[in-house]
Amino acid sequence: MIDIQLLRSNLDAVSARLATRGYRLERDAFLELEAERKRVQSETQALQSSRNAYAKKIGQAKAKGEDVGPLMAEASAANARLGDLEKALERVQQRLQGFLAVIPNPPHESVPTGKSPDDNVEQRRWGMPRSFDFPAKDHVDVGEGLGMLDFATATKIAGARFSVMTGGIARLHRAIAQFMLDVHTREHGYTEVYVPYLVNAQSMYGTGQLPKFEQDLFMVPRGEEKWYLIPTAEVPVTNIVRDEIVPLERLPLKFVCHTPCFRSEAGSYGKDTRGMIRQHQFDKVELVQVTQPEASYRALEELTGHAETILKKLELPYRVVTLCTGDMGAASAKTYDIEVWLPAQNTYREISSCSNFEAYQARRMQARFRNAKGKVELAHTLNGSGLAVGRTLVAILENYQNQDGSVSVPSALRAYLNGQEKISRA
RNA sequence: GGAGAGAUGGCCGAGCGGCUUAAGGCGCACGCUUGGAAAGCGUGUAUACGUUAACAGCGUAUCGAGGGUUCGAAUCCCUCUCUCUCCGCCA
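In structure tokens, the structure reads:
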């Protein structure tokens, strides 16, 4: 959530900044809402104050044995409007809250201005795309050729955008996740966590998926309540610090978490319909950090580097791009995408997205820490895929395929497959 | 799913309609004391929102959550959530 103080003090500047990401801030609506809030709140608090004073007076008078009849009548009259006012305050605060909740995060000053992915800025490339001396197949053909990837069966069981993996590919998929967890815990200092895959609406609100992006989620009704399948481990993991005040010495918090992710992909019909690139269910190893504000941009660089390490160890060519203002997720202040080389598509495709949310999520979650002066302050939250397991599998199948239809196992993963060097048709 | 017991500040724990602006203790911070420490003594010790230049002061709210009764609710009533104990079922 945006800082309301910022809107009050710098409305024009914030409005201009938000416009760079294609968001039109309704200035007048805000000013009106604020004026209304101020009026109702002042009046309500004044009446509450008077109510408290009357109650105290009556109590004291009663203790002395005085007749409190007239006082009570007076209090009753004075309090007559309070109930309505309190309800009105509640309503106006909810409207204000609703207004604020859908405003995206103003981008960090270092973020390039732009409208579409075309305006993203490449930062660096690593690795040389391999040149094939045979026609490179895409991962679907590689996987189906091995008899270990089956979309038709998945469609029968569930529907479109699911997959069934068997044998060597299922095992490779598992190995990838294990490998990532091990690297991040052993080499990068993250603590592994296991979390719920169903979360309540409050958690979804905290990280910013709700109220605006409900159509992207799978919702599970539960009586009057709603549960949601997590679209990323970011949601449960970041919400660990919701409504918490973390002692300074525990920062930064660094969590790594392997979960399935569930996305409805509403509105992406016809996009990446082939293969495992865009599924309703996929596995991901997620990195989450909670830091002091001063440390968050350094942490973003580090976290991005941690994700890159995986690709380097797997010897998969990639590039890093800075998302432009128009292409970033609403909650993010700055995002780096890491894109892996997919030979069959002859292009780089997103395999990780690393973002600094600054205090945007923390404000929604009331995730705070106690600073050196002992004062409570909002933390900064960050996360990044480290990496998307399904897409990593895709990258390996495509980049490590051999002419005979087999797939070589990247050397970093062999230890996880009992030394196996190659996946061949059984 | 059934029966019962609970939920109070960082922690323990009293309060069960008005001198509670939540007792008392522990912890923590600072001060006094001391050669230094402990003990002792004293002072302080929540969060959110508003107002504001102010993380100064003042106001409002918060005793699991929501609603109700009342001039006044931690305290009474209703609904819900969660925790614990026992039974049932279960990977």
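In the working numbering, the protein residues as written are 4 to 429. Ideal placement from N, C-alpha and C gives every residue a C-beta, glycine not left out. In this text the structure is predicted, and so the values were computed from the model without any measurement.
Distance, residue j Cα to residue i Cα
{"i": "I399", "j": "A16", "result": "46 Å"}
{"i": "G148", "j": "R301", "result": "44 Å"}
{"i": "G422", "j": "L319", "result": "20 Å"}
{"i": "G130", "j": "S299", "result": "28 Å"}
{"i": "K257", "j": "V291", "result": "6 Å"}
{"i": "Y197", "j": "H261", "result": "7 Å"}
{"i": "M331", "j": "L99", "result": "24 Å"}
{"i": "A382", "j": "G150", "result": "48 Å"}
{"i": "A38", "j": "D31", "result": "11 Å"}
{"i": "R11", "j": "A104", "result": "16 Å"}
{"i": "V410", "j": "Q404", "result": "4 Å"}
{"i": "R1", "j": "A81", "result": "In this structure the chain extends from 4 to 429, so residue 1 is not present and cannot be described."}
{"i": "K90", "j": "S206", "result": "26 Å"}
{"i": "Q218", "j": "G162", "result": "18 Å"}
{"i": "S119", "j": "V412", "result": "36 Å"}
{"i": "E35", "j": "R42", "result": "11 Å"}
{"i": "Q212", "j": "G387", "result": "16 Å"}
{"i": "D122", "j": "Y351", "result": "15 Å"}
{"i": "L201", "j": "S271", "result": "23 Å"}
{"i": "R128", "j": "D286", "result": "25 Å"}
Own chain, CB closer than 6 Å to residue i, minus 5 neighbours either side, in chain order
{"i": "T395", "result": "I179"}
{"i": "L314", "result": "Y321"}
{"i": "S358", "result": "S335, T338"}
{"i": "V244", "result": "V293, A370"}
{"i": "G25", "result": "G329"}
{"i": "D70", "result": "none"}
Sequence-distant residues of its chain with Cβ nearer than 8 Å to residue i (five each side left out)
{"i": "L74", "result": "Y57, K60, I61, A64"}
{"i": "N374", "result": "L251, Q295, E380"}
{"i": "V167", "result": "L152, D153, F154, T156, A157, I160"}
{"i": "G72", "result": "none"}
{"i": "R417", "result": "Q423, E424"}
{"i": "S18", "result": "L28, R30"}
Sequence-distant residues of the same chain with beta carbon closer than 7 Å to residue i, five excluded per side
{"i": "E432", "result": "Residue 432 is absent from the structure shown; the chain starts at 4 and stops at 429."}
{"i": "E268", "result": "R164, R281, H283"}
{"i": "F265", "result": "F221, L232, I233, P234, H283, Q284"}
{"i": "P199", "result": "P239"}
{"i": "F137", "result": "Q406"}
Endpoints, the beta strand (DSSP E) within which residue i is located
{"i": "D286", "result": "284 to 294"}
{"i": "D340", "result": "337 to 345"}
{"i": "I61", "result": "Careful: I61 lies outside any beta strand (DSSP E), inside the alpha helix (DSSP H) at 30 to 66."}
{"i": "E353", "result": "350 to 359"}
{"i": "T464", "result": "With the chain covering 4 to 429 only, the question about residue 464 has no answer from this structure."}
{"i": "R322", "result": "321 to 325"}
Run of the alpha helix (DSSP H) containing residue i, from where it starts to where it stops
{"i": "I5", "result": "It is not in any alpha helix (DSSP H) - I5 carries neither H nor E in the DSSP assignment."}
{"i": "F102", "result": "85 to 104"}
{"i": "H309", "result": "299 to 316"}
{"i": "S79", "result": "72 to 81"}
Top-ranked residue by Cα proximity to residue i, from the options
{"i": "D407", "options": "Q100, G308, V145, L92", "result": "V145"}
{"i": "M279", "options": "M4, D6, L345", "result": "L345"}
{"i": "D275", "options": "D141, D70, R20", "result": "D141"}
{"i": "C327", "options": "E112, N349, N13, Q205", "result": "E112"}
{"i": "Q348", "options": "Y26, N203, R277, V124", "result": "R277"}
{"i": "E297", "options": "K287, S271, I248, A362", "result": "A362"}
{"i": "L50", "options": "G86, K287, P110", "result": "G86"}
{"i": "E195", "options": "A76, P214, V288", "result": "V288"}
{"i": "E29", "options": "P239, F102, G270, I243", "result": "F102"}
{"i": "R20", "options": "G389, A336, A370", "result": "A336"}
{"i": "N242", "options": "T210, I248, P224, V223", "result": "T210"}
{"i": "V186", "options": "Q218, A91, R253, A310", "result": "A310"}
{"i": "L317", "options": "P107, L175, W230, D121", "result": "L175"}
{"i": "R40", "options": "A83, S18, R94, N82", "result": "R94"}
{"i": "Q181", "options": "S427, Y419, A429", "result": "Y419"}
{"i": "V124", "options": "D340, I354, P138, R367", "result": "D340"}
{"i": "L254", "options": "D6, Q97, L385", "result": "L385"}
{"i": "V249", "options": "E401, F372, R27, T116", "result": "F372"}
{"i": "E228", "options": "Q364, V143, R177, A204", "result": "A204"}
{"i": "N402", "options": "V343, I172, A173", "result": "V343"}
{"i": "S356", "options": "Q96, T307, A139", "result": "T307"}
{"i": "V143", "options": "S427, A429, V397, I426", "result": "V397"}
Residue i CB to nearest heavy atom of the ligand SAH below 8 Å
{"i": "F154", "result": "Of ligands this structure carries none, so the ligand SAH is not represented either."}
Just to confirm the assignment: which complete alpha helix (DSSP H) runs, minimum length 4, are found wholly within the stretch 157 to 203?
170 to 189
Start-end ranges of the alpha helix (DSSP H) lying completely within the stretch 363 to 422, minimum 4 residues:
363 to 368, 392 to 402, 414 to 417
Mind pulling the beta strand (DSSP E) runs of 3 or more residues that sit fully within the stretch 218 to 249?
221 to 225, 228 to 232
Start-end ranges of the alpha helix (DSSP H) lying completely within the stretch 125 to 150, minimum 4 residues:
142 to 149
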